[in-house]
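**Student:** This structure is in C-alpha cells; I'll ask about it shortly.
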Amino acid sequence: MDAKIARKNAALQERLRECGSVVVAFSGGLDSALVLKVAVHTLGRDRVLAVTGRSPSVPSAELSSVEALVAEIGARHEFLATAEFDDPNYVSNPSNRCYFCKTELYTQLVQLAAARGFQTVVSGTNADDLGDFRPGLRAADEHRVRAPLADAGFTKADVRHLAAELGLSIHDKPASPCLSSRVPYGEEVTPEKLQRIDAAETFLRELGFRECRVRHHEKLARIEIPPAEIGRFADAELRGRVDAKLRALGFQYVALDLRGFRSGSLNEVLLGTGLRDAGTE
Numbered sequence: 002m003d004a005k006i007a008r009k010n011a012a013l014q015e016r017l018r019e020c021g022s023v024v025v026a027f028s029g030g031l032d033s034a035l036v037l038k039v040a041v042h043t044l045g046r047d048r049v050l051a052v053t054g055r056s057p058s059v060p061s062a063e064l065s066s067v068e069a070l071v072a073e074i075g076a077r078h079e080f081l082a083t084a085e086f087d088d089p090n091y092v093s094n095p096s097n098r099c100y101f102c103k104t105e106l107y108t109q110l111v112q113l114a115a116a117r118g119f120q121t122v123v124s125g126t127n128a129d130d131l132g133d134f135r136p137g138l139r140a141a142d143e144h145r146v147r148a149p150l151a152d153a154g155f156t157k158a159d160v161r162h163l164a165a166e167l168g169l170s171i172h173d174k175p176a177s178p179c180l181s182s183r184v185p186y187g188e189e190v191t192p193e194k195l196q197r198i199d200a201a202e203t204f205l206r207e208l209g210f211r212e213c214r215v216r217h218h219e220k221l222a223r224i225e226i227p228p229a230e231i232g233r234f235a236d237a238e239l240r241g242r243v244d245a246k247l248r249a250l251g252f253q254y255v256a257l258d259l260r261g262f263r264s265g266s267l268n269e270v271l272l273g274t275g276l277r278d279a280g281t282e
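In terms of the working numbering, the sequence shown opens at residue 2 and continues consecutively.
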C-alpha cells in the first residue's frame, strides 16, 4: 500500500476507535462503503450498524444494490424510512434543501443510535466535500455526526485508492447523489418528478451511459453525459430511442447539454459560473 494512503488509513482507524461504536449513515456510495468496511475491520461487526435512509429521493439503483454491498462487507444493516417530503422547507427546494434532508436523516439516526446503545453516528463526508457547497454539513455539525474520512484527510482520490487496495467491488463507482439534485432550486420537488428522473437515468445506464444525469426543467429534460460520449448521439437510432423514452415518461422536450456531465451543475446558478464559463456575457 502507498505510504501516504497507509498513514491515512491508520488515522482513519484511530478516528473510528475514538468513536467507540458507530451507526454509519450508509448511502450505498463509495465513501460510506469505505467507512463501513474500515469500521467493521477496526471495531468489530457487533459495534457497527449501517443504516440506509429510504425515500423517493434515493435512486432505485442505489437501494437495490445496498444489501449485496453490505453482505460483501460483512456488516449489519437496516433501512430507515425518512420523511423529508413532509417538510415544506424541503419540498419548496431552496438552495439549502440538503440541510432539511440531512436534518431529517440525522435526527432519526441519532435517536436510533441512542436507543440501540451506539456511541456515535458517522458519515462518509471526505475532505473534498468540505470545499463544496454542501448545506447538509451544517446539519451534521448540529447533530454531532462525525466525518472520519475528512478528519483523517481523505480526498476522493484517496478514498478510491484505499477502496481498491481493500478489494471493495465499487472502488470505481461513479457518484450518485439524491435525485432531488436534478431539480433546479426554487422548483418544487415532488416524488413524481423524481420517479421520472430515476426512470430516465435508469434507461440511459441500460444504454451504456455509466455516468449520467437527467436535469428536470419542467417540460424539458437536459441530459448530461461525459464529453467523450457525446459523439454517441450522432447515431440517429440512439437519439430516437432516448427521445421516445423520455417523452413517454412525460417530458415534452429532450436536450443534450453540450458542455457534458458536471457534478453539481445546478449549483452554477448560485456560484455565477454557468454563463461566464460557457463564454456568454
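Built from N, CA and C at the ideal position, the CB exists for glycine as well.
So, under 8 Å CB-CB, Val215 and Glu202 are touching, yes? Tell me the CB distance rounded to an integer number of Å.
**Tutor:** 5 Å between Cβ atoms; contact.
**Student:** Do three or more CB pairs link the region 65-80 to the region 211-231 at distances below 8 Å?
**Tutor:** Not touching, per the Cβ criterion.
**Student:** Give the secondary structure of Thr156 by DSSP, where H, G and I count as helix, E and B as strand, and everything else as coil.
**Tutor:** The answer is coil: DSSP assigns Thr156 none of H, G, I, E or B.
**Student:** Output needed for Phe262: all residues of its chain with C-beta closer than 8 Å, excluding positions within five of it in sequence on either side, in chain order.
**Tutor:** Glu212, Cys213, Arg214, Glu225, Ile226, Pro227, Pro228.
**Student:** May I ask you to check if the CB of Arg18 is nearer than 8 Å to at least one heavy atom of the ligand ZN?
**Tutor:** No copy of the ligand ZN occurs in the structure displayed, which carries no ligand at all.
**Student:** Work out the CA separation of Thr126 and Ala222 for me, nearest whole Å.
**Tutor:** Straight-line Cα distance between these residues: approximately 30 Å.
**Student:** Glu19 by DSSP, collapsed to three states: which one?
**Tutor:** Three-state DSSP puts Glu19 in a helix.
**Student:** Roughly how many angstroms lie between the CA atoms of Leu37 and Val49, to the nearest whole one?
**Tutor:** One C-alpha to the other measures close to 8 Å.
**Student:** For Thr274, collect the residues of the same chain with a Cβ closer than 6 Å to its Cβ; drop the 5 residues on either side in sequence, then sort them by chain order.
**Tutor:** Caution applies to Thr274, whose pLDDT of 44 falls short of 50 and renders its modelled position unreliable; the model cannot decide the point.
**Student:** On a Cα-Cα basis, can you pick out the residue from Ser181, Pro192, Ala235, Leu259 that is closest to Arg98?
**Tutor:** Cα-wise, what sits closest to Arg98 is Ser181.
**Student:** Is it buried or exposed for Glu63, if we count other Cβ within 10 angstroms and need 16 for buried?
**Tutor:** Glu63 comes out buried.
**Student:** What number of angstroms, rounded off, separates the C-alpha of His294 from the C-alpha of Lys9?
**Tutor:** Only positions 2 to 282 of the chain appear in this structure, which leaves residue 294 out of reach.
**Student:** Quickly, what does DSSP pair Glu225 with across the bridge? List them, please.
**Tutor:** DSSP output for Glu225 lists Arg214 as bridge partner(s).
**Student:** Could you check which residue in Asp244, Gly232, Arg206, Pro185 has the C-alpha nearest to that of Pro95?
**Tutor:** That would be Pro185, whose Cα lies nearest to the Cα of Pro95.
**Student:** State the start and end residues of the unbroken beta strand (DSSP E) segment that holds Thr191.
**Tutor:** From DSSP, Thr191 is part of no beta strand (DSSP E); its letter is neither H nor E.
**Student:** Which full runs of the beta strand (DSSP E) of 3+ residues lie inside the region 49-115, going along the chain?
**Tutor:** Correct list: 49-55, 78-82.
**Student:** Any idea what DSSP makes of Gln41, helix, strand or coil?
**Tutor:** At residue 41 the sequence reads Val, which differs from the Gln that was named. DSSP places Val41 in helix when its eight states are reduced to three.
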